[in-house]
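Peer 1: So the sequence shown is numbered by the working numbering: it starts at 1 and just counts up by one.
There's a structure below that I have some questions on.
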Amino acid sequence: MHQSELNGQKLASLALDYVQVISPYVIGKPIDEVAREFGLTDILKLASNENPLGASPSARRAIQDLADLHIYPDGGGFALKAAIAHAFDWAPVGIILGNGSNDLLELVARAFLAPGRNAVFSQHAFAVYALATQATGASAKIVPALPATHPTMPYGADLTAMAAAIDDHTAVVFLANPNNPTGTWVEEAQLRAFLNAVPPRVLVVLDEAYSEYVDRSLYADGRFPDGLKLAREFPNVLVTRTFSKIYGLAALRVGFAVGAPAVIAMLDRVRQPFNVNSLALKAAQAALGDHEFIERSRAVNAAGLEFMQAAFAARNLSVIPSMANFVTVAVGVPAGLVFDALLKEGVIIRPLGGKTDTGGLSCHIRITVGTQAQNERVLVALDKVLAQLRAEVR
Ligand SMILES: Cc1ncc(COP(=O)(O)O)c(C=O)c1O
């Protein structure tokens, strides 16, 4: 073994125990690499819940001028915070910006979690909750989700069980609404009952990365909870949002959280001074005001979601009812095999299961809702590979 490699391994063994045992986040293959490997030109990526319409046109225009690339960004994000404050009627001192909302989840972990403390979240939750928790040496209390046979919300978060799992050492609860990778959601009445049951000393992170996709009528009739309204009533609620999904700015990495100013001040202490770059700040501000694009994205997604759910029902494939911009479907064969076979067809999806799965979804795949043409293409490819795989299994 080469001397430098030996040193590397020795050093690695000195990393904190709780860091050594983390299962790394599995990064999908880049489009260019898939194209090269399989000799394909037209790759369709429906693996990361990005916006199939691209970025908000206003945002694209806002970052055409690159004259100031040598200047550090505004570390306080003054203009973007002012725009968010205006859009959501929230005081700027109660807002923090992140390098994606992922950054904000990590800031929460760094500020509130440590060995001896724990974070509570549901089975089938967003993978970053476990990663951010483990990186601090805190333990993750993963609460079994509602059963696959649940009449209205199969695989959804079981809020009653989550409230019961909170103990004296719990510092944080993570809850995505709607959730990724299941698309499931919690209703206003259930969430309110949960928040009333949670001790006020526990910070509840309400991750609303996909909330803009939710059918507006559910907000209007009070069935889908408005996180910002709850954060006004419950000072221990922190709402996180992202510009990566409906605003179409995933590459720029920008998100925000709103909550009690005193909580925001703690997150600010552990934040990198320039965590959000200048282009992201400008693009996000423009995207926030691009109502036409947001409405169009929502409408395309709603139609696509309906189309995909109906298409799977027609194929007798069981879909988890989704309120987000993706569908998770049981394919009856191991998800990894379907992923590999679809790659050869030039289609990238997300296989569930794998190392970070906490059980039960190893034959499910998650497909981002695309444009109508993209949705049709993934269905044709899926029909083909499932027919092949089933023939092989037989
Ligand atoms: C539930 C949920 N929260 C947060 C994120 C993080 O998104 P970003 O860091 O791009 O804002 C994602 C991304 O897929 C997500 O699915």
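Don't be surprised by glycine CBs; every beta carbon is placed ideally from N, CA and C.
Quantities reported herein were computed from a predicted structural model and do not represent experimental measurements.
#1: Kindly give me the distance between the Cβ atoms of Lys141 and Ala119, rounded to whole angstroms, as I take these residues to be in contact under 8 Å.
#2: Between the region 298-316 and the region 269-288, do three or more beta carbon pairs fall short of 8 Å?
#3: Mind listing which residues have their beta carbon within less than 5 Å of any non-hydrogen atom of ligand 1? Chain order is fine.
#4: How is the alpha helix (DSSP H) around Asp207 delimited, first residue to last?
#5: Assign Asn397 to one of three DSSP states: helix, strand, or coil.
#6: Which one or two residues does DSSP pair with Thr328 in a beta bridge?
#7: What's the gap between the Cα of Gly304 and the Cα of Val26?
#8: My understanding is that Leu53 touches Gly248, with C-beta atoms under 8 Å, so please give their C-beta distance in whole angstroms.
#9: Roughly how many angstroms separate the alpha carbons of Ala67 and Pro73, rounded to a whole number?
#10: Applying the criterion that 16 or more other CB atoms from any shown protein chain within 10 Å of the CB defines a buried residue, is Thr184 buried or exposed?
#11: Count the other CB atoms within 10 Å of the CB of Pro181; is the residue buried (16 or more) or exposed (fewer)?
#12: Looking at the secondary structure, which residues open and close the alpha helix (DSSP H) in which Gly227 lies?
#13: Check this for me: beta carbons of Gly397 and Val237, under 9 Å apart or not?
#14: Is Ser101 helix, strand or coil when you go by DSSP?
#15: Put Val214 into one of helix, strand or coil per three-state DSSP.
#16: Rank Ala209, Arg201 and Gly156 by C-alpha distance to the C-alpha of Asp168 and give the top, closest one.
#17: Just verifying my parser: in three-state terms, what is the DSSP assignment at Lys29?
#18: Could you tell me which residues DSSP pairs with Ala257 in its beta bridges?
#19: I think Ala148 touches Gly156, with their Cβ atoms under 8 Å apart; what is that distance to the nearest whole Å?
#20: Applying the 10 Å Cβ sphere with the 16-neighbour rule, what's the burial state of Phe312?
#21: Within its chain, find whatever has a CB closer than 7 Å to the CB of Leu361; leave out the 5 residues flanking it on each side and keep chain order.
#22: Quick one: is Ala79 buried, meaning 16 or more other Cβ sit within 10 Å of its Cβ, or exposed?
#23: Cβ atoms of Asp207 and Asn177: under 9 Å apart, would you say?
#24: Cβ atoms of Thr328 and His291: under 9 Å apart, would you say?
#25: Starting from the C-beta of Glu345, find all residues in its chain whose C-beta is less than 6 Å away, skip the five residues before and the five after it, and write them out in chain order.
#26: Measuring CB atoms only, is the region 256-273 touching the region 333-345, in the sense that at least three cross pairs come out at less than 8 Å?
#27: If you draw a straight line from the C-alpha of Gly359 to the C-alpha of Leu342, how long is it?
#28: Check for me: the beta strand (DSSP E) holding Thr170 runs from which residue to which?
#29: Anyone know if the C-beta pair for Pro261 and Gly94 falls short of 9 Å?
#30: Where does Lys10 land, buried or exposed, given buried means 16+ other C-beta within 10 angstroms?
#31: Please determine, among Ala251, Ala83 and Asn51, the residue with the shortest C-alpha to C-alpha distance to Glu212.
Peer 2: In short, the structure shows the following:
#1: 7 Å
#2: no
#3: Gly100, Ser101, Asn102, Phe126, Ala176, Asn180, Asp207, Ala209, Thr242, Ser244 and Gly255
#4: First-last for Asp207: Leu203 to Asp207, but that is the beta strand (DSSP E), not the alpha helix (DSSP H).
#5: Since the first residue of the chain shown is 1 and the last is 394, residue 397 is not available in this structure.
#6: Ile320 and Arg366
#7: 27 Å
#8: 7 Å
#9: 13 Å
#10: buried
#11: buried
#12: Gly227 to Glu233
#13: Residue 397 is absent from the structure shown; the chain starts at 1 and stops at 394.
#14: helix
#15: coil
#16: Arg201
#17: coil
#18: Ile96 and Thr240
#19: Rounded, the Cβ-Cβ distance is 11 Å, inconsistent with contact.
#20: buried
#21: His124, Leu352 and Gly353
#22: exposed
#23: yes
#24: no
#25: Ala381
#26: no
#27: 23 Å
#28: Thr170 to Ala176
#29: yes
#30: exposed
#31: Asn51
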